[in-house]
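In the working numbering, the protein residues as written are 32 to 454.
See structure below.
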Ligand SMILES: [Zn+2]
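Below you can see the structure in the form of structure tokens.
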């Protein structure tokens, strides 16, 4: 028989459920959620307009300016473009609560010159970037507009904005700079996806350009000279035999090799591009150290083979996305799950992936990536499309999750803690 009468600790789950229940019972919050639905067409217009402004990674300026104008017209304070190109501002809370940054990314994977005009057929929108992350950008604005319309007074501050450099070689440089310069207690990134999807684990990656250099020479006349290609071959053979954990999933590949000048030349130069990934930062770093050991041992072995110090190697880190783990009990995850449930959906926790949320998750800041609603496909291809049906559900999930985190005056307490360094 159970007669333990000690009070049980309130979990994040209890707090999140209670906060969302209180929010759903508040007139202002219900008005904001209802507004998100009536504002749907306007949100899709924003999505089209922003998508049509080209924004390849490293060339986000024009789209950033357009987004900045929207944030200013929606009355945010301290709106700015930072040195990296991120655009953001603050919607002030009543004071002394936790702060949350609600964000999407400005950049697309498509190079300059790509036609970004949005075409509509049978209610479906087609354009490169219309979903990723045109949808996210529109949702950020829609959440802000709904809060303003219903005059929702939060306890903590909500920051709204957009980052640069989320895709590819952008290497999350926008969100990294944001967290270098600012402290917030929670983070929500909006990406194109169904409104019940939650990404809360961060796959990290490191990418290297590894270059082997030696004296080179004639294949016959200079035989006995160490070869850059032979050294690299030794390294690849050793890398190919590396053991990695299945869980946390950890992977490696030598994706590109090049080098040499001709068939009858001892190669003076060889280069390979290597990509390693893991869902755990310690596993990523362990693999990195083993892999680099393979490279240096290969150079030593090639030099020892010919008893010369001819080959040297340089390793350049060309990509660095931090990995991070976060418990499902994290307040960010619990708030998102409670919000999704209360809107009538079944929350779905996604596999780890690489999004702007990697950086806060790595830093220990509660963070999730949420789906912007509607349906989409062909992401990162010229056939990318977005179907706006019921897209407002995404706006509602983000809105409710953010409110549960920072609290609403006279309705619900914040469920996020203020980070000790900011308190
Ligand atoms: Zn994206």
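Just so it is clear, CB atoms sit at the ideal spot from N, CA and C, and this is done for glycine as well.
Checklist entry - Roughly how far, in whole angstroms, is the beta-carbon of residue 538 from the beta-carbon of residue 223, given that I think they are within contact range, below 8 angstroms? => result The structure shown does not extend to residue 538, since the chain is modelled only from 32 through 454, so no value can be given for it.
Item to check | residue 68, enclosing beta strand (DSSP E) - first and last residue | outcome: Where residue 68 is concerned, there is no enclosing beta strand (DSSP E), although the alpha helix (DSSP H) it sits in stretches over 58 to 69.
Checklist entry - If you scan the region 281 to 359 from start to end, which runs of the alpha helix (DSSP H) of 4 or more residues do you find wholly inside it? => result You should have 312 to 337.
Checklist entry - For the 8 angstroms Cβ check, are there 3 or more pairs between the region 300 to 311 and the region 266 to 284? => result Between the region 300 to 311 and the region 266 to 284 there are three or more inter-stretch CB-CB distances shorter than 8 angstroms, so the stretches are counted as touching.
Checklist entry - How would you write the range of the alpha helix (DSSP H) that residue 431 sits in, first residue to last? => result It spans 423 to 437 - the alpha helix (DSSP H) in which residue 431 sits, taken as one unbroken run.
Checklist entry - Where do the ends of the beta strand (DSSP E) carrying residue 109 lie? => result First-last of the beta strand (DSSP E) with residue 109: 108 to 112.
Checklist entry - Which runs of the beta strand (DSSP E) fall wholly inside the region 110 to 194 and span at least 3 residues, in chain order? => result Correct list: 118 to 122, 131 to 136, 150 to 152, 155 to 157, 189 to 194.
Checklist entry - Taking Cβ positions, are residue 451 and residue 390 nearer each other than 9 angstroms? => result Going by C-beta atoms, residue 451 is not nearer than 9 angstroms to residue 390.
Item to check | DSSP state of residue 198 mapped onto helix, strand, coil | outcome: Looking at residue 198 - three-state DSSP - the assignment turns out to be coil, as it is neither helix nor strand.
Item to check | residue 167 CB to nearest heavy atom of ligand 1 below 8 angstroms | outcome: Using a cutoff of 8 angstroms, the CB of residue 167 counts as near ligand 1, since one of the ligand's heavy atoms is closer than that.
Next on the checklist: Assuming the contact rule is C-beta atoms closer than 8 angstroms, residue 147 and residue 85 should be a hit. Round their C-beta distance to whole Å, please.
Outcome noted: The C-beta distance from residue 147 to residue 85 rounds to 5 angstroms, short enough to meet the 8 angstroms contact threshold.
Next on the checklist: What does the Cβ neighbour count give for residue 106, buried or exposed, with the cut at 16 atoms within 10 Å?
Outcome noted: Under a 10 Å Cβ-count criterion, residue 106 is classified as exposed, with fewer than 16 other Cβ atoms of the shown protein chains found around its own Cβ.
Item to check | Cβ-based burial, residue 427 [other Cβ within 10 Å; buried from 16] | outcome: With 16 or more Cβ atoms within 10 Å of its Cβ, residue 427 is classed as buried.
Item to check | Classification of residue 289 by the beta-carbon crowding that lies within 10 angstroms, buried from 16 upward | outcome: In the assembly as shown, residue 289 is an exposed residue. Its beta-carbon has fewer than 16 other beta-carbons within 10 Å.
Next on the checklist: I'd like the list of long-range same chain contacts for residue 345, defined as Cβ closer than 7 angstroms, with 5 residues on each side in sequence excluded.
Outcome noted: These residues qualify, in order along the chain: 242.
Checklist entry - Terminal residues of the continuous alpha helix (DSSP H) containing residue 48? => result 43 to 55 is the span of the alpha helix (DSSP H), which, as asked, contains residue 48.
Item to check | Beta-carbon proximity list for residue 209, same chain, < 6 angstroms, skipping 5 on both sides | outcome: Contacts found: 117.
Checklist entry - Between residue 329 and residue 263, what straight-line distance do the alpha-carbon atoms span, to the nearest angstrom? => result Cα-Cα distance, rounded: 7 angstroms.
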